[in-house]
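> Protein chains in written order, with this note's numbering: chain A, -4 to 473; chain B, -4 to 473.
Provided herewith is a single structure, encoded as structure tokens, for subsequent inquiry.
2 protein chains.
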Amino acid sequence: MGKKQSAGLSVKKHEDMSVWYTEVIQKADLADYSDVSGCIIFKPYSYAIWEKIQSEVDKRLKADGIQNVYFPLLIPEKLLQKEAAHVEGFSPEVAWVTHAGDSKLDERLAIRPTSETIMYESYSKWVRSHRDLPILYNQWNNVVRWEFKHPVPFLRTREFLWCEGHTAFATQEEAEKECNERLQMWEEVSKELFALQGVPGRKTDHEKFAGALYTLSIEYFLPNGKAIQGPDAHHDGQNFAKAFDIKFLSKEEKIEYAWQNTWAITTRMIGVLIMVHGDDYGLVLPPSLAPIQTVIIPIIFKDSKAKVLKKAKEIQKSLGDAKLDDREEYSPGWKFNEYELKGVPIRIELGPRDLDNDEVVVSRRDTRNKETVKIKDLKEYVNKTLEAIQKNLLKQSKKTLEDNTVEVKDFKGLKKAIDDKKLALALSCGEKACEESIKEKTGGAKSLNIPFSKKLVNGKCVQCNKEAVANILFGKGY
Amino acid sequence: MGKKQSAGLSVKKHEDMSVWYTEVIQKADLADYSDVSGCIIFKPYSYAIWEKIQSEVDKRLKADGIQNVYFPLLIPEKLLQKEAAHVEGFSPEVAWVTHAGDSKLDERLAIRPTSETIMYESYSKWVRSHRDLPILYNQWNNVVRWEFKHPVPFLRTREFLWCEGHTAFATQEEAEKECNERLQMWEEVSKELFALQGVPGRKTDHEKFAGALYTLSIEYFLPNGKAIQGPDAHHDGQNFAKAFDIKFLSKEEKIEYAWQNTWAITTRMIGVLIMVHGDDYGLVLPPSLAPIQTVIIPIIFKDSKAKVLKKAKEIQKSLGDAKLDDREEYSPGWKFNEYELKGVPIRIELGPRDLDNDEVVVSRRDTRNKETVKIKDLKEYVNKTLEAIQKNLLKQSKKTLEDNTVEVKDFKGLKKAIDDKKLALALSCGEKACEESIKEKTGGAKSLNIPFSKKLVNGKCVQCNKEAVANILFGKGY
Chain A
-4 MGKKQSAGLS VKKHEDMSVW YTEVIQKADL ADYSDVSGCI IFKPYSYAIW
46 EKIQSEVDKR LKADGIQNVY FPLLIPEKLL QKEAAHVEGF SPEVAWVTHA
96 GDSKLDERLA IRPTSETIMY ESYSKWVRSH RDLPILYNQW NNVVRWEFKH
146 PVPFLRTREF LWCEGHTAFA TQEEAEKECN ERLQMWEEVS KELFALQGVP
196 GRKTDHEKFA GALYTLSIEY FLPNGKAIQG PDAHHDGQNF AKAFDIKFLS
246 KEEKIEYAWQ NTWAITTRMI GVLIMVHGDD YGLVLPPSLA PIQTVIIPII
296 FKDSKAKVLK KAKEIQKSLG DAKLDDREEY SPGWKFNEYE LKGVPIRIEL
346 GPRDLDNDEV VVSRRDTRNK ETVKIKDLKE YVNKTLEAIQ KNLLKQSKKT
396 LEDNTVEVKD FKGLKKAIDD KKLALALSCG EKACEESIKE KTGGAKSLNI
446 PFSKKLVNGK CVQCNKEAVA NILFGKGY
Chain B
-4 MGKKQSAGLS VKKHEDMSVW YTEVIQKADL ADYSDVSGCI IFKPYSYAIW
46 EKIQSEVDKR LKADGIQNVY FPLLIPEKLL QKEAAHVEGF SPEVAWVTHA
96 GDSKLDERLA IRPTSETIMY ESYSKWVRSH RDLPILYNQW NNVVRWEFKH
146 PVPFLRTREF LWCEGHTAFA TQEEAEKECN ERLQMWEEVS KELFALQGVP
196 GRKTDHEKFA GALYTLSIEY FLPNGKAIQG PDAHHDGQNF AKAFDIKFLS
246 KEEKIEYAWQ NTWAITTRMI GVLIMVHGDD YGLVLPPSLA PIQTVIIPII
296 FKDSKAKVLK KAKEIQKSLG DAKLDDREEY SPGWKFNEYE LKGVPIRIEL
346 GPRDLDNDEV VVSRRDTRNK ETVKIKDLKE YVNKTLEAIQ KNLLKQSKKT
396 LEDNTVEVKD FKGLKKAIDD KKLALALSCG EKACEESIKE KTGGAKSLNI
446 PFSKKLVNGK CVQCNKEAVA NILFGKGY
């Protein structure tokens, strides 16, 4: 039986990022299209990445006292309509269930686009006294938002997976504290797991979540020049509490409405991961999220096969959770390509000649550097290299963000930055009209957020020349 | 502030099991009703049980090489219709999405009642050669079956959570081997996790899964005299492979259809757990699935408070994962009731007098026995007792099943067993007509399965007197 042929990518990343992205997803066997437009199939490799994300995020949430729950998928129309801004924001994208079997339902049911409305209806039953607060609930589930824009695997799909946290507190102070903590957690998760440098900040009123007082978000720069929103935390104030009648008897024996937050991280982040870290050879995974951190590939010749395989197994055992690919119907070269496509952080090659010298060849996926390492030093070398890869990817991501963010002084500078496929940080009056005008004149750049890291200095709005109230990051959305 | 009052159950289990069941669910804070009829809210305590089930089952599946995936929630109507028996079985219960936002969809989309049809459409694209087989995929997700029977929390809900495995093999032999292994795994899970003795067997043709060649199942006896089906494994033969065109080039270079299985375990099992193990004081959880295995309750008096709390914390630390409930606004008595309601396997009480003697009082939830244990022996005692509780619950469950299963010789015996709210094991000709006749004449007893454990001896069908082909277990379904 002939060895299978290698199958690298047909385009370089910078040549055509959209074709490149699609190829990486197919060739790294991450996902496939389904018969339902806009909904993808998570194949084992991408689902394993999602399981890693889930497990790490869940651990952090539980350490902060968050409990998991599960609320129904279907939301009666009357509940969805209770909070005005919320229904306005979501109803154009709602998938409606109208029939069950042959029967028409009395009331349409929405497939949850998000679960505030069905959860808060229950919160209003459960909360009576300040002693019933805080409520710190989260759920891991699927949601449907029937967007009519062009769908892109992971980045924009009509069904996606996420965790949605919905908390309620007795005071605004406590609620805002949690909202900030959650965004800090997302920053940590972004750096420590995803090795992604994003821009944490506060959304403008124009771009905030439907129903929130304000939205905190992390925005990412994608190397195709577009920006995309990552995990977020919304402070809802008492908006939903008033709409759903979530009130309680305070310590001071007064009836008060609860203060609430909402926060989420979604499978979109897998797309950001691919886009930012991937290269001309395929996916590049940060070790913290890699389903396979290290792969061992024995170079097998007939006469040394037993010896090499024995050593390969010993190495696998000593490393703990490395994968040994000893399939003989695939050539070493095919496997090298395969694991490069899949972004496996470390590859160990092991042939008869290496064995004679008690060494192996170790390749790093991020830099594609190869080094010969003594077997006795291998475990320590692998651990250090995994750490180094994680750090290097974050460093690269930070550099890409910095290189592609321009502080502009006027509208001309803003326009140029956007034309150059970069992000523009500009002083703004914060008015909706100005945001809309900028969007129109730049061919689509929108306000991403007001970065926390940038202090406001006195100055004028780059668009209308009125007194500026914020430094706003602008970019074209994905 | 006054101490909160205790709130035990208002009925005994044997008095009115349906009221008892509802009360346990409410008072142990397991679930709540939602605004969507037939769909419940999994509160943190029941969801934590489900997370334990997931984690243990997932570990076993992964050890057997099963990989997790995620397929879309929505299934186009034309896909659902591809396998005739399957669509006939499920279409009366399908929730249909007909609109997105304000737009009517060109084709109705079913919310998955199960995912064969959408998964196998992809399998047919992915499978070309025998080298692409086996496919061993599973997904953890939510499904909707809009049943019109009276819904019961956990046991019969219109939306439920489950894992659904869908595998494909090159030969029937391999497929049937996996089908059997899966059922064996369910038996282990049933005993080792749930401490539940069920009846493994094969469903009659009349009761098999819509689209399967045969169905293997575990059936449970509930103490209200009803039976309910637990986890299952279906051998689908080539039915779906032919309907979805899943074919491959075999080693012998022939085009062949794949052989397939489907298997599942659902949140229904939480209901079975409550029903079988619960008692007049509430839930009784097997240690393997208990979110809290051991709770420590300090008996606090002003003058000894510091000393008792210090010791309680030491004990908590030494036990590893025990919960310490040191809230002062609740009395020890209230807490005793609370953790009994919640079925926590072991309770440790610790007061100043116990401390003087270096001992604590340990209560077992299953037997409600109390024992005084020296603190130095506590860790070992707790570990042994957890094991003992797990074993005892399984033993009790086995006894209940045996005490309520009657081997009957004729129809009169069968009728009496059913009238006595028991299960009846009877020789049967295996014909659909006889099953239907038995159902009618007993007021609803249906064939549960053909138990593996019971050997067939020569004899006549209890209903029609023709030659018997199987020992069938009959009972009223939930």
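For glycine and all other residues, C-beta sits at the position ideal for the given N, C-alpha and C.
From Asp227/A to Asn136/B, what distance separates their C-alpha atoms?
24 Å
> Tell me which residue opens and which closes the beta strand (DSSP E) that Arg103/A is part of.
Ser98 to Ile106
> In angstroms with no decimal places, state the Cα-to-Cα distance between Leu104/B and His94/B.
Rounded to whole angstroms, Leu104/B to His94/B spans 9 Å at the Cα level.
> Please give the ranges of any beta strand (DSSP E) in the segment 156 to 180 of chain B, keeping only runs that are unbroken, at least 3 residues long and fully inside the region.
Given a length threshold of 3 residues, the segment 156 to 180 of chain B has no whole run of the beta strand (DSSP E) inside it.
> Evaluate Phe469/B with the Cβ neighbour count: other Cβ atoms within 10 Å of its Cβ, from every protein chain shown; 16 or more gives buried, anything less gives exposed.
buried
> Does DSSP classify Gly220/B as helix, strand or coil?
coil
> So with CB distances below 7 Å, who are the chain A contacts of Thr93/B?
Under the 7 Å cutoff, chain A gives Trp91, Thr93 and His94.
> Below 8 Å CB to CB, which residues in the same chain sit around Asn219/A once its five sequence neighbours on both sides are set aside?
Met12, Ser13, Met270 and Lys416
> In terms of alpha-carbon separation, which member of Lys305/B, Lys337/B, Ser32/B and Val64/B lies closest to Ala43/B?
Lys337/B
> Of the residues Lys394/B, Ile213/B, Leu68/B and Thr262/B, which one's Cα is nearest the Cα of Gly193/B?
Ile213/B
> Can you list, in chain order, the residues of the segment 95 to 123 of chain B whose Cβ is nearer than 9 Å to any Cβ on chain A?
Ala95, Gly96, Asp97, Ser98, Leu100, Arg103, Leu104, Ile106, Ile113, Met114, Glu116, Ser117, Lys120 and Trp121
> Does the Cβ of Val122/B have 16 or more other Cβ atoms within 10 Å, making it buried, or fewer, making it exposed?
buried
> What are the residues of the segment 28 to 47 of chain A that lie near chain B, defined by any Cβ-Cβ distance shorter than 8 Å?
From the segment 28 to 47 of chain A, only Ser29, Asp30, Val31, Cys34, Ile35, Ile36, Phe37, Lys38, Pro39, Tyr42, Ala43, Trp45 and Glu46 have a Cβ closer than 8 Å to chain B.
> Ignore the nearest five residues each way along the sequence and tell me which others in Trp478/B's own chain have a CB closer than 8 Å to its CB.
As displayed, chain B neither begins before -4 nor continues past 473, which places residue 478/B out of reach and without an answer.
> Taking 7 Å as the threshold (beta carbon to beta carbon), is Pro446/B in contact with chain A?
no
> Please classify Phe143/B: is it buried, with 16 or more other beta-carbons within 10 angstroms of its beta-carbon, or exposed?
exposed
> Taking Ala165/A and His125/A to be in contact with their CB atoms under 8 Å, please state how far apart those CB atoms are, rounded to whole angstroms.
Confirmed, Cβ separation roughly 5 Å.
> Just how far apart, CA to CA, sit Glu176/B and Asp59/B?
Going from the Cα of Glu176/B to the Cα of Asp59/B covers about 10 Å.
> By the DSSP assignment, the alpha helix (DSSP H) with Glu397/A in it spans what residues?
Leu373 to Asp398
> Look at Asp240/B and Ser119/B and say whether their C-beta atoms are less than 7 Å apart.
Going by C-beta atoms, Asp240/B is nearer than 7 Å to Ser119/B.
> Indicate whether the contact test is met: 3 or more Cβ pairs, each with one atom in the segment 373 to 392 of chain B and one in the segment 280 to 288 of chain B, closer than 8 Å.
yes
> Give me the DSSP bridge partner(s) of Pro293/A.
Beta-bridge pairing links Pro293/A to Leu345/A.
> Report the three-state DSSP secondary structure of Gly454/B (helix, strand or coil).
coil
> Excluding the 5 residues flanking Ser392/A on each side, which residues of the same chain have their C-beta closer than 8 Å to its C-beta?
Ala190, Leu191, Gln192, Val271 and His272.
> For Ile310/A versus Ile294/A, is the C-beta distance shorter than 7 Å?
no
> Of all the CB atoms in chain B, is at least one closer than 7 Å to the CB of Trp135/A?
Interface criterion not met: the Cβ of Trp135/A is under 7 Å from no Cβ in chain B.
> Please list the residues of the segment 56 to 86 of chain A that have a C-beta atom closer than 9 Å to any C-beta atom in chain B, keeping them in chain order.
Gln62, Asn63, Val64, Tyr65, Phe66, Pro67, Leu68, Leu69, Ile70, Pro71, Lys73, Leu74 and Ser86
> Starting from Trp141/A, find everything on chain B with Cβ-Cβ shorter than 7 Å and list it in chain order.
Ala95 and Gly96
> At 4 residues or longer, and completely inside the segment 204 to 262 of chain B: list those alpha helix (DSSP H) runs for me, N to C.
Taken in chain order, the complete alpha helix (DSSP H) segments of 4 residues or longer contained in the segment 204 to 262 of chain B are 234 to 239.
> Measuring only between beta-carbons, confirm whether Glu323/B sits less than 7 Å from chain A.
No - not a single Cβ of chain A is within 7 Å of the one on Glu323/B.
> Would you mind telling me which residues of chain B sit closer than 8 Å to Glu154/A, beta carbon to beta carbon, in chain order?
The answer, in chain order, is Pro67, Leu68 and Leu69.
> Check whether chain B comes within 7 Å of Glu88/A, counting only Cβ atoms and requiring the distance to be less than that.
yes
> Per DSSP, what are the beta-bridge partners of Gly470/A in this structure?
For Gly470/A, which the question treats as bridged, DSSP gives the partners Lys441/A.
> Mark Thr199/B as exposed unless 16 or more other C-beta atoms lie within 10 angstroms of its C-beta, in which case mark it buried.
buried
> Beta-carbon within less than 8 Å of Gln0/A's beta-carbon, same chain only, minus the 5 sequence neighbours each way: which residues are those?
Its pLDDT being 43, under 50, Gln0/A is placed unreliably in this model, and the coordinates cannot settle the point.
> Taking only beta-carbon atoms, is Leu396/B less than 7 Å away from chain A?
no
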